[in-house]
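There are 2 protein chains.
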Amino acid sequence: MPLDLASDVVSLTQQLVDMESVSGAEGPIADAVATALQALPHLTVERFGHTIVARTSYGLPERVVLAGHLDTVPLNDNLPSRLEDGVLHGLGTCDMKGGDAVILRLAATLDRPVRDITFVLYEAEEVEAARNGLNKLSRSHPELLAADFAILMEPSNAGVEAGCQGTLRVEVRTRGERAHSARSWMGSNAIHAAGDVLRRLDGYEARRPVIDGLTYHEGLNAVLISGGVAGNVVPDECVVTVNHRFAPDRSEAEALAFVREFFDGYDVTVTDSAPGALPGLDRPAAKEFVEAVGGEVAPKFGWTDVARFTALGVPAVNFGPGDPTFAHKQDEHVAVSEIEHCERVLRAWLARD
Amino acid sequence: MPLDLASDVVSLTQQLVDMESVSGAEGPIADAVATALQALPHLTVERFGHTIVARTSYGLPERVVLAGHLDTVPLNDNLPSRLEDGVLHGLGTCDMKGGDAVILRLAATLDRPVRDITFVLYEAEEVEAARNGLNKLSRSHPELLAADFAILMEPSNAGVEAGCQGTLRVEVRTRGERAHSARSWMGSNAIHAAGDVLRRLDGYEARRPVIDGLTYHEGLNAVLISGGVAGNVVPDECVVTVNHRFAPDRSEAEALAFVREFFDGYDVTVTDSAPGALPGLDRPAAKEFVEAVGGEVAPKFGWTDVARFTALGVPAVNFGPGDPTFAHKQDEHVAVSEIEHCERVLRAWLARD
Numbered sequence: 259m260p261l262d263l264a265s266d267v268v269s270l271t272q273q274l275v276d277m278e279s280v281s282g283a284e285g286p287i288a289d290a291v292a293t294a295l296q297a298l299p300h301l302t303v304e305r306f307g308h309t310i311v312a313r314t315s316y317g318l319p320e321r322v323v324l325a326g327h328l329d330t331v332p333l334n335d336n337l338p339s340r341l342e343d344g345v346l347h348g349l350g351t352c353d354m355k356g357g358d359a360v361i362l363r364l365a366a367t368l369d370r371p372v373r374d375i376t377f378v379l380y381e382a383e384e385v386e387a388a389r390n391g392l393n394k395l396s397r398s399h400p401e402l403l404a405a406d407f408a409i410l411m412e413p414s415n416a417g418v419e420a421g422c423q424g425t426l427r428v429e430v431r432t433r434g435e436r437a438h439s440a441r442s443w444m445g446s447n448a449i450h451a452a453g454d455v456l457r458r459l460d461g462y463e464a465r466r467p468v469i470d471g472l473t474y475h476e477g478l479n480a481v482l483i484s485g486g487v488a489g490n491v492v493p494d495e496c497v498v499t500v501n502h503r504f505a506p507d508r509s510e511a512e513a514l515a516f517v518r519e520f521f522d523g524y525d526v527t528v529t530d531s532a533p534g535a536l537p538g539l540d541r542p543a544a545k546e547f548v549e550a551v552g553g554e555v556a557p558k559f560g561w562t563d564v565a566r567f568t569a570l571g572v573p574a575v576n577f578g579p580g581d582p583t584f585a586h587k588q589d590e591h592v593a594v595s596e597i598e599h600c601e602r603v604l605r606a607w608l609a610r611d
Numbered sequence: 259m260p261l262d263l264a265s266d267v268v269s270l271t272q273q274l275v276d277m278e279s280v281s282g283a284e285g286p287i288a289d290a291v292a293t294a295l296q297a298l299p300h301l302t303v304e305r306f307g308h309t310i311v312a313r314t315s316y317g318l319p320e321r322v323v324l325a326g327h328l329d330t331v332p333l334n335d336n337l338p339s340r341l342e343d344g345v346l347h348g349l350g351t352c353d354m355k356g357g358d359a360v361i362l363r364l365a366a367t368l369d370r371p372v373r374d375i376t377f378v379l380y381e382a383e384e385v386e387a388a389r390n391g392l393n394k395l396s397r398s399h400p401e402l403l404a405a406d407f408a409i410l411m412e413p414s415n416a417g418v419e420a421g422c423q424g425t426l427r428v429e430v431r432t433r434g435e436r437a438h439s440a441r442s443w444m445g446s447n448a449i450h451a452a453g454d455v456l457r458r459l460d461g462y463e464a465r466r467p468v469i470d471g472l473t474y475h476e477g478l479n480a481v482l483i484s485g486g487v488a489g490n491v492v493p494d495e496c497v498v499t500v501n502h503r504f505a506p507d508r509s510e511a512e513a514l515a516f517v518r519e520f521f522d523g524y525d526v527t528v529t530d531s532a533p534g535a536l537p538g539l540d541r542p543a544a545k546e547f548v549e550a551v552g553g554e555v556a557p558k559f560g561w562t563d564v565a566r567f568t569a570l571g572v573p574a575v576n577f578g579p580g581d582p583t584f585a586h587k588q589d590e591h592v593a594v595s596e597i598e599h600c601e602r603v604l605r606a607w608l609a610r611d
């Protein structure tokens with residue numbers, strides 16, 4: 259089914275939502291997006307897998323990237339979409355087809371912008387990093403992402419969220435010695451030994467550094483615990499999986515050093531790590547955008563793909579319609595007014611008077 | 259393949275071991291045992307499922323039960339049996355076909371004993387209680403287990419182990435509130451809350467009561483722990499499965515009251531419970547047997563089917579060849595000398611001079 263980029267942004271959101279595109283199955287939506295963009299003479303369109311990059315080339319002094327992912331988490335009996343009392347319900351309405359619709363509307367209608375624009379609609383954000391379309395593009399064609407500023411249209415309540423915290427996942431392991439539980443004194447209980455690991459976590463005090471005027475809030479949490487052999491065996495191993503969220507003034511190495519020190523004396527194995535992104539609000543392009551939006555800027559606690567832009571040296575913020583706490587929920591939804599607000603703000607910032 | 263009850267006890271053990279009889283597949287071994295026993299005119303033989311009961315009926319003033327289970331835990335590349343340097347290796351050698359062979363040899367050769375004897379060879383000891391042949395028999399035909407004394411020939415290093423500890427399994431549950439781990443202060447971590455449960459366990463001091471001269475040793479151990487929703491979610495539930503082994507001077511209700519008090523303030527759910535068995539060494543039949551064996555008596559820490567006899571009012575002990583620490587192990591084995599010793603001791607106690 260073709261996309262109608264001439265329709266209003268809400269109707270366009272609904273068209274996108276009703277094209278099912280769970281990660282790994284973005285083929286049809288990417289086809290529709292590519293076809294619609296290729297019909298626009300002012301854009302150069304390239305495709306990499308199910309990731310589409312469309313650019314203006316007016317030779318303007320500044321270039322911005324507007325980016326959104328096309329995939330969603332799995333269906334949860336929440337399609338097709340339903341528009342009711344100014345709220346659009348359904349899988350992907352919040353995360354993040356409202357943002358995608360804004361991007362596509364601007365691509366179709368801003369044929370004489372004040373800044374050159376790179377529109378990126380990419381695949382596989384909801385799954386492992388190796389499949390992430392923006393990640394792949396940043397490695398294979400970093401020049402296509404070169405810009406003075408990037409706006410990732412992930413849901414942020416239609417406000418600006420700057421930077422993002424890094425995330426580190428480690429396994430903290432305790433060991434003991436197996437024995438029959440009827441003769442438990444012959445062994446050593448690894449689950450009991452994990453009590454000290456949990457006690458330390460319980461006593462953790464979060465760092466709350468202020469960066470570019472934004473107050474971040476770190477976290478250190480056991481997210482999984484497992485141990486035990488059988489109902490009559492003193493267990494010889496217990497594994498606590500800990501997720502550390504760290505403010506962007508710390509590197510991955512510094513965050514890991516903190517965690518190793520925190521669990522001093524225990525076996526700590528890293529299973530996952532991604533750097534944070536500094537807010538970069540001191541850069542001119544970022545300052546101007548924040549002024550144009552006119553709202554408060556909030557720190558981004560969760561990790562998002564803005565960190566990939568930061569890694570390329572491009573300041574980036576999150577700015578998109580939808581309340582992120584409803585992302586990945588069965589009752590995902592977005593206020594129509596937020597989609598319209600985002601379109602209006604970006605149009606005002608990018609269009610000639 | 260028929261069993262040859264005229265062969266020596268070691269060869270008979272080997273015949274039994276080489277008849278694979280994992281729990282649920284005891285048909286062939288039970289057939290062979292029933293056929294062999296039915297050929298003996300001094301015994302009355304009855305069969306219930308794969309449980310065989312054979313009795314003498316001389317009207318003697320005392321009756322003893324000799325009991326053993328016919329099943330084994332699953333194969334672990336440890337059949338057929340192998341006799342080497344006085345040690346018989348293979349699945350079931352220790353747990354407990356050496357004991358079964360002693361029972362069958364005595365059944366075949368003691369045709370004029372000093373006590374009436376009930377020989378019980380039963381199914382499904384290695385699986386859940388509902389399938390256990392001795393348990394089923396104690397409910398359907400308790401009169402067949404009536405006796406002055408019972409000897410369960412589970413491996414006990416050819417020594418007498420009296421009584422057994424009870425076992426209680428509970429789930430101790432902590433609760434919290436889910437949140438995204440990037441905004442962990444919005445939730446409450448149930449795994450962290452389990453730290454106090456583990457801390458209490460770590461501080462547990464075992465009771466070691468002396469009963470009939472035997473020192474028991476209780477235990478309270480986390481045997482399993484699980485909690486966690488996903489790698490980026492503050493978990494709202496953590497479950498610690500705790501196994502309490504309690505000395506036989508406490509009832510199941512008393513043991514549970516202790517555990518509830520120990521975990522005061524937490525949600526405690528019972529998942530499994532079985533009473534202990536008092537050693538009963540003050541009973542005349544038990545005293546005489548212990549004198550006949552002439553050895554030390556040890557307390558039985560693990561739960562065994564002796565508790566089923568105790569529940570029927572029959573004093574019972576464990577007495578059988580094999581080191582129980584090799585039961586359920588790939589390298590299960592039994593010293594031939596222990597099988598022979600057990601046969602000799604029981605024959606001396608039961609035969610006319």
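Each protein sequence line maps, in turn, to chains A and B.
Taken in order, the first sequence gives residues 259 to 611; the numbers are from our numbering.
Taken in order, the second sequence gives residues 259 to 611; the numbers are from our numbering.
Idealized CB from N, CA, C, for every residue including glycine.
Residue of the options minimising C-alpha distance to residue i
| i | options | result |
| --- | --- | --- |
| L263(A) | E549(A), A312(A), I361(A) and H599(A) | I361(A) |
| V526(B) | P533(B), A532(B), G534(B) and V517(B) | V517(B) |
| R397(B) | A569(B), S279(B) and A609(B) | A569(B) |
| N479(B) | K545(A), I449(A) and Q272(A) | I449(A) |
| E601(A) | G471(A), P557(A), G356(A) and E429(A) | G356(A) |
| H300(B) | L324(B), E320(B) and P371(B) | P371(B) |
| R503(A) | Q423(A), D611(A), M259(A) and A283(A) | Q423(A) |
Simplified DSSP state of residue i, which is helix, strand or coil
| i | result |
| --- | --- |
| G326(B) | strand |
| N576(A) | strand |
| D460(B) | helix |
| P260(B) | coil |
| V372(B) | coil |
| S557(B) | Inspection of the sequence shows that residue 557(B) is occupied by Pro rather than by Ser. Three-state result, P557(B): strand. |
| D530(B) | strand |
| L426(B) | strand |
| D540(B) | coil |
| D525(B) | strand |
| N393(A) | helix |
| A569(A) | helix |
Contact set for residue i: own chain, Cβ-Cβ below 6 Å, skip 5 residues either direction
| i | result |
| --- | --- |
| R313(B) | T302 and T376 |
| S281(B) | D329, A382, E384 and V385 |
| G350(A) | V275 and T330 |
| V551(A) | V418 and V603 |
| P573(A) | F407, G538, R541 and A544 |
| I287(A) | M277, S279 and L328 |
| D563(B) | L392 and L410 |
8 Å CB neighbourhood of residue i in its chain, flanking five on each side removed
| i | result |
| --- | --- |
| V268(A) | L341, L346, A359, V594, I597 and E598 |
| L395(A) | F306, T309, V311, V378, Y380, L402 and L403 |
| N447(A) | G434, V492 and P493 |
| D589(B) | N336 and H347 |
| L270(A) | L261, D262, L263, A359, L362 and R363 |
Residues that residue i contacts on chain B, provided the C-beta gap is smaller than 7 Å
| i | result |
| --- | --- |
| A452(A) | L456 |
Cross-chain neighbours of residue i in chain A, by beta carbon under 7 Å
| i | result |
| --- | --- |
| D507(B) | Within 7 Å Cβ-Cβ: nothing; D507(B) doesn't reach chain A, min ~16 Å. |
| I449(B) | L456, A480 and I483 |
| S442(B) | G477 and N479 |
| L362(B) | Within 7 Å Cβ-Cβ: nothing; L362(B) doesn't reach chain A, min ~28 Å. |
7 Å Cβ shell around residue i - same chain, five flanking residues per side excluded
| i | result |
| --- | --- |
| H438(A) | N490 and V491 |
| P338(A) | D276 and G348 |
CB contact below 9 Å: residue i versus chain C
| i | result |
| --- | --- |
| L536(B) | The chain inventory of the structure shown lacks chain C, comprising the protein chains A and B. |
Under 8 Å from the C-beta of residue i: neighbouring residues of chain B
| i | result |
| --- | --- |
| D522(A) | Ordered by position in chain B, no residue passes the 8 Å Cβ test against D522(A), which lies about 17 Å from the chain. |
Chain A residues whose Cβ lies nearer than 9 Å to that of residue i
| i | result |
| --- | --- |
| L459(B) | N447, I449, H450 and G453 |
Tell me which residues of the stretch 575-589 of chain B have at least one Cβ-Cβ distance to chain A shorter than 7 Å, keeping chain order. none
Could you name the residues of the stretch 483-502 of chain B whose beta carbon sits closer than 8 Å to any beta carbon of chain A, in the order they occur along the chain? I483, S484, G485, G486, V487, A488, G489, N490, V491, V492, P493, C496, V498, T499 and N501
Note down, in chain order, all residues in the stretch 412-439 of chain A with a beta-carbon under 7 Å from any beta-carbon belonging to chain B. Q423, R427, H438 and S439
Residues in the stretch 540-568 of chain A with C-beta within 9 Å of chain B's C-beta atoms, listed in sequence order? K558, F559, G560 and W561
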